[in-house]
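Asker: One point on numbering: in the working numbering, the residue at position 836 of the sequence shown is 941, and numbering is uninterrupted.
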Amino acid sequence: MNLVYQDSPYWFMSGICIFAKSYTMIIQIISSIFMPFHSKTNATHDENMEAIKVDGWAFLLGSVVGSALQLLTIAISVNILNKSALKQISRVRKLFLESILRQDMSWYDTNSGNNFAGKMAEDLDKMKEGIGEKIGIFTYLIVTFVLGIAVSFFYGWKLTLVMLLCCPFIVLSTALVAKIQSSLTEKELKAYSNAGAVAEEVFSGLRTVFAFGGEKKEVQRFTNLLKPAEDMGRKRGLYSGIGGCIMWFIIYSGYALAMWYGVNLVLSDRLEEHKSYTPAVLVIVLFGIIIGAQSIGFASPHIEAFGTAKGAAQSVFTTIDRKSCIDPLSDEGAKPSAVRGQISFENLYFRYPVRADVKILQGFSLEVNAGETVALVGASGCGKSTTLQLFQRFYDPLSGDVKLDGRNIRDLNVAWLRAQIGVVGQEPVLFATTIEENIRYGKPTATKEEIKQAARIANCHDFIVKLPKGYETMVGERGAQMSGGQKQRIAIARAIINDPKILLLDEATSALDPTSEKKVQIALEEASRGRTTLVVSHRLSTITNADKIVFVKDGVVAEQGTHEQLMAKGGLYNQLIMSNADNAYVQSEATFLSYLFMAIGVVAGLGTFVQTFMFNTAGAKMTSRLRRDTFETLLKQEAAYFDHSSNSVGALCSRLAADCSNVQGATGTRIGMMLQCLSTLLVGIAVAFVYSWNLTLVTIVLVPFICLSIFLESRYMESSSLTEKAAFESASRIAVEAIANVRTVTSLGQERYVLERYSSQIDLVHKSCVKKLRFRGFVYGLGQSAPFFAYGISLFYGAILVANGLPYENVIKVAESLLFGSWMLGQALAFSPNVGAGVYSAGRLFKLFDRNIVYENVSFEYPTRQGIPILRNFNLEIQKGSTVALVGPSGSGKSTCVQLLLRYYDPIKGSINLSGTPTTDFTLETLRSKLSLVSQEPVLFDRSIADNIAYGNNCRDPMPMTEIIDAAKKANIHDFITSLPQGYETLLGSKGAQLSGGQKQRIAIARAMVRNPKILILDEATSALDMESEKVVQQALEVARSGRTCITIAHRLTTVRDADVICVLKKGVIVEKGTHDDLMNLKGIYYKLYIMQQVT
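#1: In the DSSP assignment, the beta strand (DSSP E) including G505 goes from what residue to what residue?
#2: Kindly list the residues whose CB is nearer than 6 Å to the CB of S257, restricted to its own chain and excluding five residues on each side of it in sequence; keep chain order.
#3: Tell whether a beta-carbon distance below 7 Å holds between G505 and N452.
#4: Is the distance from the Cβ of M268 to the Cβ of G359 below 7 Å?
#5: N685 to R545, Cα distance in whole Å?
#6: Does the region 1079-1092 come within contact of the region 337-349, defined as at least 3 CB pairs closer than 8 Å?
#7: Between P273 and the rest of its own chain, which residues show a CB-CB distance below 8 Å, the 5 nearest in sequence each way excluded?
#8: Name, in chain order, the residues that DSSP records as bridge partners for A990.
#9: Please classify T1025 as buried or exposed, where buried requires at least 16 neighbouring CB atoms within 10 angstroms.
#10: Give the straight-line distance between the Cα atoms of A475 and N980, rounded to the nearest whole angstrom.
#11: Rounded to whole angstroms, how far is the Cβ of R1146 from the Cβ of L1121, which I believe are closer than 8 Å?
#12: Does the count of Cβ pairs from the region 989-1000 and the region 1165-1184 closer than 8 Å reach three?
#13: According to DSSP, what are the bridge partners of R512?
#14: For N147, is the classification buried or exposed, using 16 other Cβ atoms within 10 angstroms of its Cβ as the cut-off for buried?
#15: With DSSP collapsed to three states, give me the class of G479.
#16: Would you list the residues sitting across from T637 in a DSSP beta bridge?
#17: Between the region 570-580 and the region 513-528, are three or more C-beta pairs nearer than 8 Å?
#18: Please go through the same chain and pick out, in chain order, the residues whose beta-carbon is closer than 6 Å to the beta-carbon of L481, but skip the five residues on each side of it.
#19: Could you give the residue range of the beta strand (DSSP E) that holds V963?
#20: The beta strand (DSSP E) that contains L1187, what's its start and end?
#21: Would you kindly check if the distance between the Cβ of L1092 and the Cβ of S1049 is under 7 Å?
#22: Considering only the alpha carbon of each residue, which of Y576, I194 and L174 lies closest to K872?
#23: Using the C-alpha atoms, what's the distance from Q1199 back to T667?
#24: Which value, in whole angstroms, describes the spacing of the CA atoms of L277 and L176?
#25: Classify C487 as buried or exposed, calling it buried when 16 or more other Cβ atoms lie within 10 Å of its own Cβ.
#26: Could you check the C-alpha separation between G581 and A663 for me, to the nearest Å?
#27: Please classify K557 as buried or exposed, where buried requires at least 16 other C-beta atoms within 10 Å of its C-beta.
#28: In the DSSP assignment, what residue or residues form a beta bridge with K658?
#29: Which residue's Cα is closest to the Cα of L1142: M1114, E1030, R1162 and I1154?
#30: Note the first and the last residue of the continuous beta strand (DSSP E) segment covering Y454.
#31: Could you name the residues of the same chain whose beta carbon sits closer than 6 Å to that of V963, not counting the 5 residues immediately before and after it, in chain order?
#32: Note the first and the last residue of the continuous alpha helix (DSSP H) segment covering N909.
#33: Between the region 198-213 and the region 244-263, do at least 3 Cβ pairs fall closer than 8 Å?
#34: What's the call for L1038, buried or exposed, on a 16-neighbour Cβ count within 10 Å?
#35: By the three-class DSSP mapping on this structure, what secondary structure does L434 have?
#36: By Cβ distance, which residues of its chain are closer than 6 Å to F794, with the 5 residues on each side in sequence left out?
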């Protein structure tokens, strides 16, 4: 890893501590082995017993000092390494998001399937696992191995060399397994990323999923993508098991060889005056090698963690190290002191990177003078919006130049360029924060007065101040708490607050009701004065006063001129206008023991293989099932659940990835290792009781203290995890929201603002983690040093018992049994953070699993905006087969009526009945199967066009292609689809980014048609269509309505004049009701709105 991400002083200090604690442990063990040989050769029995007591006191003192030193060094090294890991991961998190925000739009188009929320949560958590305390523990084990071998060499190099014959095989097998692990981890994370991308896409379009009953299909799609990850997890377990099997077989085979060869060396040296090999030397060498081998064995699970971290890091750093072709955070490029606003498009050719076979612009040229207002019109997909994206440098053209004041925009600083541009898009994107902060996105330094002034210009100040919290009102995920018109006006205020030199308006007023549109249009015309303005619109009534109108057809300028000039010419523009629409002692025993060791090696190897493989497989399957069940459960929640800020798309994606990953980290091989350690301790205690119950009781006195420390640490970590999780989910929400709406963030030039907000949340996560890990070093140090302190007590009290007649060998048996048992418990402590995090995350997930037409006196207010009535005793009866239109100002409750019918929410008072039965009595699946929705902002998925249309009827899978084509023809999209090289198999990209607004809307209409619903709901179904397309689609919708109950929501009253009943809503009640003619004769609100639209 690059040195820029490392903390050298921390690593140096922890290295010293690791060596000190390893050296301390080796000295303690070797000293304990020497102690029985300190008795006086010519002394009496009483003198020898007294000498043993003295030695016992000496060893106890040494153990106390050594254990204290070990506790101190472990605590320091663990805390240092954990802090270092946290600092590095915090840096990497920030760098990762920064790198993403630096990328150009073509990168986003080709990486739309990447689950960035999952990478930020799961991949970086796995990286943290590989660079924190596990590095210290692993290094400590390796140093212990080296020191154990060094001591063995010093006392008996021949025997040591023979025993070391097995080392190359261990190293080779371990390295090979580690390499395979890394590769499999990378593939596993890729599969989880793909599944996470689906979850993110579904969470972003939940209402569309609910409306078309797509929950089961999405759960199945998510489950299918989890299968490769489960397979990779099973393979990782297989190779880990094989590696562990080989390693332990080789280790015990080495013990067998050492026992046989060592006894032969002792027997051959028995007659020599100067003996090189004695039983003492044999024991020392064996113990040194055993300690070393055990250390290597304990190191193997950490190697898996390093392999996993490496695989995760590779994916993350691929993104971080990529250099963007168009970097909005770079300081490169000119920053002119003044801008006039003259724009030139010179012979532009362009194709989208993911649709390289579809030509968009084919020699587009256009001059826009400073201060001029130029409108781009033409059919959907002709290249109008593409032109605006090229000017903002979302992409660079294949050939040709885009210039600003005569300078190629490639030579200008990207951030500076975008700062000169105010953008209002066709689908307004708001962030899950307050109205004030949303407007401030346009200018982070804006004062409250500037924000209010911008709101006044955009005609949204009045409705904002009427809200209980005013400008501090939360708008919800993607602005879900606002009506379409309200969202659009806030977006306009955001665009003009920075007083941009250039305005880009892409269907800026398409979602406004006539009254608001007129006021905003006047405000925009005023804001356009002295500025260069590019307008893309299907509603021709909004652009008739433009200085120049440019008709774009097939990627080139077909006509240009003023409204009057083009009308007089009688060409394409004139035809568009006239179409009138908008859009293991002796040798024998030694041999026996050697064979026994070999047998143990086989059993241990096979046991390790089965343990590792089965636990890993169980862990992988459980994690996959947990992910699936969590995803499925989330899709069963009511719509109000997703309105809470704690349940934003970013938070849900983070929870799905991080919590499931934490549960996986607490299960699998770690559970197997912890159970193995615990069973070793219990067997050790049982063996010790057989040889001396009183010595055993004295020795195990520290075990309860170790267990208590583990419990206290877990409780402390659990309380700290609450703050950490909340902060991390807030950070994830900011990042996911920014990435999902990167075009808006880029247009506003607010990448640094997003990074600052994200960094502040990551800093909170860092502080919570540092607080949580405060006692981690002490607890782990206690677990490692306590066994050796207990060993000192055991030999001290054992010396007293030997003086009183207990065989000395029994003391060694008790001490060694308990030493290894408690040492194993100490090793299990290495995984307690994983278990703590896993238990906490599992708790959060299982809480989740615990979560079931006449409008009659319906009252409703949104859960996150209590106190603001939306519907007030609303009553409406819709006859079977009739068409009812709901009209009225933005925020009057029209879309809320539809959301209640779809049971996104339930009313707080009253009921909605379908065929005499309350909708609450139907299962959601049954209810929604009868309804079909075409919404104002169409949500499409990263699938083929055919799959998107077939999504409308998830009860039939697969859907016959003939029906898909028929639905497309009805929606006037068939010809466009067949013109694409891949036709109906064309992938749409994330959120349908490869299509124009009109094309997306027509596919959404086809999706509704293929459902063959009993009730058809049209929520501004034709608002984004060009005039010619709207006319054909309107005719198709009229045919589709035949024999169905239809509810239409519209601002454009000409599209509803043939409705059987038109209801005018105002402040949550119906104020007028009747046919078009009835309401015109009434000369009330409807009459005034209709006449106003006709005039404009």
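Don't be surprised by glycine CBs; every beta carbon is placed ideally from N, CA and C.
The model shown is predicted, which means the values in this text are computed figures rather than measured ones.
Answerer: In brief:
#1: S504 to L509
#2: T265, V390, G393 and I394
#3: yes
#4: yes
#5: Here N685 scores only 46 on pLDDT, less than 50, and its place in the model should not be relied on; the value that follows carries that caveat. If I take the Cα positions, the gap works out to 39 Å.
#6: no
#7: none
#8: T1153 and I1167
#9: exposed
#10: 54 Å
#11: 6 Å
#12: yes
#13: L509
#14: Its pLDDT being 47, under 50, N147 is placed unreliably in this model, and the coordinates cannot settle the point.
#15: Per the sequence presented here, residue 479 reads as Val, with Gly not at that position. Looking at V479 - three-state DSSP - the assignment turns out to be strand.
#16: I607
#17: no
#18: K489, V641, V655 and V657
#19: V959 to F965
#20: L1187 -> not in any beta strand (DSSP E); alpha helix (DSSP H) instead, spanning H1181 to L1187.
#21: yes
#22: I194
#23: 21 Å
#24: 33 Å
#25: buried
#26: 42 Å
#27: buried
#28: V661
#29: M1114
#30: I448 to F455
#31: L976, F979, P1012 and G1015
#32: No alpha helix (DSSP H) contains N909, which DSSP labels as neither H nor E.
#33: no
#34: buried
#35: coil
#36: T801
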